[in-house]
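> First the structure, which I've put down as structure tokens, then a few questions once you've had a look.
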Amino acid sequence: MASFTRPLQTPTPQASPSGARADTVFRGLVIAIAGFMLIVILAITAFVFYTGWPSFSANGLAWFGSGDQPLDVQLGNSFLGDPETGEPSTVLNAWPAILGTLLTTGGALLLSFPFALLGAIFIAELAPKRLAAILDPIVTILAATPSVIYGLFAILVLAPRIERNLIPQQQAEDLSAVVTLTGANVLLGILVLTLMIAPLMIAIFADALRAVPNKWKEGAIALGCDEWRMTRRVSLRAIRPALVAGTTLAMGRAVGEAIALSMATGSIGFIPNPLDGYFFFLEPVRTMASSIVDYSEGFESPELKANLFAFGVILLIMTATLTIGAKLASRAAERRLGGGQ
Amino acid sequence: MMKRLLILVAALMATMVVTAPAFAVTKIVTGGSTGLQVLGSALAAQYGKESGGKFRVTVSGGGSGAGQTGAGNGTFQIGNSSSDKSSSTPAGTTFTPITKEPFAIIVNKSNPIKGLTAAQVKAIFLGEVTNWKDVGWSAGGAIKCFSRVSTSGTRQSFQKLFLGNISTAVSNSCPALASNALDRSSVANSKSGIAFVTYAYTIGSGGATVKTLPIDGVAPSLTNVVANKYKFWNCQYFVTKGDPTGDVATYINWVRSAKGAAIIKAYAVPYTGTYDQCIAG
Numbered sequence: 008m009a010s011f012t013r014p015l016q017t018p019t020p021q022a023s024p025s026g027a028r029a030d031t032v033f034r035g036l037v038i039a040i041a042g043f044m045l046i047v048i049l050a051i052t053a054f055v056f057y058t059g060w061p062s063f064s065a066n067g068l069a070w071f072g073s074g075d076q077p078l079d080v081q082l083g084n085s086f087l088g089d090p091e092t093g094e095p096s097t098v099l100n101a102w103p104a105i106l107g108t109l110l111t112t113g114g115a116l117l118l119s120f121p122f123a124l125l126g127a128i129f130i131a132e133l134a135p136k137r138l139a140a141i142l143d144p145i146v147t148i149l150a151a152t153p154s155v156i157y158g159l160f161a162i163l164v165l166a167p168r169i170e171r172n173l174i175p176q177q178q179a180e181d182l183s184a185v186v187t188l189t190g191a192n193v194l195l196g197i198l199v200l201t202l203m204i205a206p207l208m209i210a211i212f213a214d215a216l217r218a219v220p221n222k223w224k225e226g227a228i229a230l231g232c233d234e235w236r237m238t239r240r241v242s243l244r245a246i247r248p249a250l251v252a253g254t255t256l257a258m259g260r261a262v263g264e265a266i267a268l269s270m271a272t273g274s275i276g277f278i279p280n281p282l283d284g285y286f287f288f289l290e291p292v293r294t295m296a297s298s299i300v301d302y303s304e305g306f307e308s309p310e311l312k313a314n315l316f317a318f319g320v321i322l323l324i325m326t327a328t329l330t331i332g333a334k335l336a337s338r339a340a341e342r343r344l345g346g347g348q
Numbered sequence: 019m020m021k022r023l024l025i026l027v028a029a030l031m032a033t034m035v036v037t038a039p040a041f042a043v044t045k046i047v048t049g050g051s052t053g054l055q056v057l058g059s060a061l062a063a064q065y066g067k068e069s070g071g072k073f074r075v076t077v078s079g080g081g082s083g084a085g086q087t088g089a090g091n092g093t094f095q096i097g098n099s100s101s102d103k104s105s106s107t108p109a110g111t112t113f114t115p116i117t118k119e120p121f122a123i124i125v126n127k128s129n130p131i132k133g134l135t136a137a138q139v140k141a142i143f144l145g146e147v148t149n150w151k152d153v154g155w156s157a158g159g160a161i162k163c164f165s166r167v168s169t170s171g172t173r174q175s176f177q178k179l180f181l182g183n184i185s186t187a188v189s190n191s192c193p194a195l196a197s198n199a200l201d202r203s204s205v206a207n208s209k210s211g212i213a214f215v216t217y218a219y220t221i222g223s224g225g226a227t228v229k230t231l232p233i234d235g236v237a238p239s240l241t242n243v244v245a246n247k248y249k250f251w252n253c254q255y256f257v258t259k260g261d262p263t264g265d266v267a268t269y270i271n272w273v274r275s276a277k278g279a280a281i282i283k284a285y286a287v288p289y290t291g292t293y294d295q296c297i298a299g
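So the protein lines, in turn, are chains X and S.
Adding 7 to a residue's 1-based position in the first sequence gives its number in this note's numbering.
Adding 18 to a residue's 1-based position in the second sequence gives its number in this note's numbering.
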């Protein structure tokens, strides 16, 4: 895994006549491959924007609002046609899906960051070597586990327990005409995302912590800091760029997560009502990414296709902004730390 | 070093050329309905075997809609569809019925009710009845109905069969899940759950995780469909652009023969009627 702390000193290449030619060829090859990848990415981006555009142009700014009709009805009408006119409908007010994405991603970040940070400190600084050697690969495996596995775990193991223990019968009955409360809901979405992204964050944070130069830590100890103060004032400051980068990577994974959330969040494009208090988190949502997988069977309808690709456009913009923002933020953090070795 | 790299590249290119088909088999490309995927693959395997490897039928998924569109634009020589013609069906396609597939209502195994009437099923999925006590389970509490996304062929057929019209939508308070399998596991995990699935999801070890309800006193089974007792079934179709011809026609005729029926029988009721007979019920 890449380390996000300061780069090592650049090694000076050993010049030799036969090596020089191979270097040129190799460099050309790498540049060609990189150029090809860039073209592919640009083509994909252009395709997504082009396909999704009709949805934005038909709805204008109302695209981002919440409409009179539930999200699922609108998506259904763009596939089956408006029940009154029979014509495929282009109306889409995507706020429920946007809110679903924001709620699950935001909740998961808030929940996983403290766990990930403390976990990383434990693995990198406090755990006995032998324990760390066991924990390290476990974290890596968890970070690389396919999301559908987490989705299955959520729907088969967690959902029944949430439904049995957290949803009182009375509340379910009161709301049953409006929305079906099941074990799959915002809370489960947040939990499954947390399970998915925390290992990713731990892996990146721990790597960065290990890369903090020992002499810095020894210096702090020599000045009389205890271990906790040393971690807080030296290590955590030094890895700030990694904290930003790791969190952003995790956020990117969470925003784009489709399958696990399609299984875990309750499958209704519902807007949870904050007035319901604690039940806010037990109401269902359907995120943008999971709307795409859930409705992908209907791609033969141009209207539905445009709507789903419009979700793709928003997701692309969100992840691109996150990546660029993280680059800038982690650079700024690095600069504030001061340059020299 | 350079030479070795060049040799490697040359070797890679050579493999690409060599992997082109070594001998000619006639390929029939089919795909679409996920509900027909298992049956389609079983039929394809048997047909390939009987033809001594001369024919290879490929089966992919994508959904009934994709099957119909694919048949219209030539992606599939045969498009699989579990739903009837609709407004988005490409013009000029022919629907050849292959099976009658029953639709079933499933509930949790701890649900004590013995069955429902068609009217009760309709009221539940329209959101008019939301408590189990109104349909005979006094301690059941709120009904948790599970539906499918509106693009699903299963949902459209359910709406046609139980709600009276293909465009009468299931209540929006029911979660709209992405697959039959998710519906079944949701019901298996929710004491007060109810859902509609195709017959294939009520048999085998998976089917044993839920309870299948008789409707109007008749259990959803292949025998009851054959005997014309269970009325909630829909045809599954092979869709072609124009009437089937050549190798495709030969394959479809084989599927509709006794040999095909022997395989279909494990999954659904073999059916050789016409499209209009299917629609008429």
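Each residue gets a CB set at the ideal place from its N, CA and C atoms; glycine is no exception.
It should be emphasised that the depicted structure is a prediction, and the values quoted were computed from it without experimental measurement.
Taking buried to mean at least 16 other C-beta atoms within 10 Å of its own C-beta, is I48 (chain X) buried or exposed?
Result: exposed.
> Shorter than 8 Å from the beta carbon of G159 (chain S) to some beta carbon of chain X?
Yes, G159 (chain S) counts as interfacial toward chain X.
> Nearest-angstrom Cα distance between E290 (chain X) and G305 (chain X)?
Roughly 26 Å between the two C-alpha positions.
> S204 (chain S) and T164 (chain S) - do their beta-carbons sit closer together than 8 Å?
According to the sequence provided, residue 164 (chain S) is Phe. The question's Thr does not apply to it. For F164 (chain S) and S204 (chain S), yes; Cβs fall inside 8 Å.
> Given this structure, state the Cα-to-Cα distance separating Q295 (chain S) from L134 (chain S), to the nearest angstrom.
If I take the Cα positions, the gap works out to 27 Å.
> Rank X:G158, X:F120 and X:P121 by C-alpha distance to the C-alpha of M270 (chain X) and give the top, closest one.
The residue with the shortest Cα to Cα distance from M270 (chain X) is X:G158.
> From the DSSP output, which residues share a beta bridge with T111 (chain S)?
Paired residue(s): S:K259 and S:G260.
> For E119 (chain S), which beta-bridge partners are listed by DSSP?
E119 (chain S) pairs with S:N252.
> Would you say C296 (chain S) reaches chain X, if we count a Cβ-Cβ gap shorter than 8 Å as a contact?
So no, C296 (chain S) is outside the interface.
> Which value, in whole angstroms, describes the spacing of the CA atoms of A340 (chain X) and P248 (chain X)?
Cα to Cα, A340 (chain X) sits roughly 6 Å from P248 (chain X).
> Mind checking whether I275 (chain X) and D79 (chain X) have CB atoms under 8 Å apart?
Yes, they are a contact pair.
> Taking DSSP as the reference, what is the three-state secondary structure of R166 (chain S)?
Reduced to three states, the DSSP call for R166 (chain S) is strand.
> What does A84 (chain S) touch in chain X if you count any residue whose Cβ is under 8 Å from its own?
Chain X residues near A84 (chain S): E304, F306 and E307.
> Tell me whether the segment 129–143 of chain S and the segment 174–182 of chain X touch, counting them as touching only if at least three CB pairs, one residue from each stretch, are closer than 8 Å.
As far as the Cβ criterion goes, the segment 129–143 of chain S does not touch the segment 174–182 of chain X, which means the pair count is below three.
> Taking 8 Å as the CB-CB cut-off, is C253 (chain S) touching chain X?
Cβ-Cβ to chain X under 8 Å: no for C253 (chain S).
> Below 8 Å, how does it come out for the segment 122–132 of chain S and the segment 72–89 of chain S: are there three or more Cβ pairs, yes or no?
No, the segment 122–132 of chain S is not in contact with the segment 72–89 of chain S.
> Mark R168 (chain X) as exposed unless 16 or more other C-beta atoms lie within 10 angstroms of its C-beta, in which case mark it buried.
Per the 10 Å Cβ criterion, exposed.
> For chain X, find out if any of its Cβ atoms is closer than 8 Å to the Cβ of L9 (chain S); answer yes or no.
Beyond the ends of chain S as shown, which are 19 and 299, falls residue 9 (chain S); an answer cannot be given.
> Are the segment 126–134 of chain X and the segment 212–229 of chain X touching by the rule of at least three beta carbon pairs closer than 8 Å?
At 8 Å Cβ cutoff, the stretches touch.
> Residues of the segment 144–168 of chain S with a CB closer than 7 Å to any CB of chain X: list them in chain order, please.
Listed by position, the residues of the segment 144–168 of chain S near chain X (Cβ gap below 7 Å) are G145, T148, N149, G159, A160, I161, K162, C163, V167 and S168.
> Under a three-way DSSP split, which group does L116 (chain X) fall into?
Helix, per DSSP.
> Within 8 Å (strictly less), CB to CB, does P130 (chain S) reach chain X?
Taking Cβ atoms only, chain X never reaches closer than 8 Å to P130 (chain S), which makes this a no.
> Grouping DSSP H, G and I as helix and E and B as strand, with all else coil, what is S101 (chain S)?
Looking at S101 (chain S) - three-state DSSP - the assignment turns out to be coil, as it is neither helix nor strand.
> Note down, in chain order, every chain X residue with its Cβ under 8 Å from the Cβ of N190 (chain S).
Per Cβ cutoff of 8 Å: P77, D79, V80 and I275.
> Please confirm if A27 (chain X) has its CB atom under 8 Å from at least one CB of chain S.
A27 (chain X) does not count as touching chain S.
> Hey, is the segment 157–177 of chain S in contact with the segment 258–272 of chain X, meaning 3+ C-beta pairs nearer than 8 Å?
Touching, no.
> Classify F121 (chain S) as buried or exposed, calling it buried when 16 or more other Cβ atoms lie within 10 Å of its own Cβ.
Answer is buried; the Cβ neighbour count reaches 16.
> To the nearest angstrom, how far is it from the Cα of T238 (chain X) to the Cα of V219 (chain X)?
T238 (chain X) and V219 (chain X): Cα-Cα distance of roughly 10 Å.
> What residues from chain S crowd round E170 (chain X), counting only those whose CB sits closer than 7 Å?
Under the 7 Å cutoff, chain S gives S208.
> To the nearest angstrom, report how far apart Y217 (chain S) and A286 (chain S) are at their CA atoms.
About 8 Å.
> Please look up how many angstroms separate the CB atoms of F288 (chain X) and N280 (chain X), rounded, as I've assumed it's under 8 Å.
The pair is not a contact, with the Cβ atoms about 11 Å apart (cut-off 8 Å).
> Just to confirm, are Q15 (chain S) and V43 (chain S) a CB contact at a threshold of 8 Å?
In the structure as shown, chain S starts at 19 and stops at 299, and residue 15 (chain S) therefore has no counterpart that could be examined.
> Taking the alpha-carbon of G263 (chain X) as reference, which of X:E307, X:S308, X:I105 and X:I246 has the nearest alpha-carbon?
Nearest of X:E307, X:S308, X:I105 and X:I246 to G263 (chain X), Cα basis: X:I105.
> Could you say which of X:N84, X:R217 and X:L165 lies nearest to K136 (chain X) if we only look at CA atoms?
Among X:N84, X:R217 and X:L165, the Cα nearest to that of K136 (chain X) belongs to X:R217.
> State the Cα-Cα distance for the pair L57 (chain S) and T255 (chain X), rounded to the nearest angstrom.
The straight-line gap from Cα to Cα measures roughly 45 Å.
> Can K127 (chain S) and K259 (chain S) be called in contact, C-beta distance under 8 Å?
No; because the gap between Cβ atoms is not below 8 Å, this pair is not in contact.
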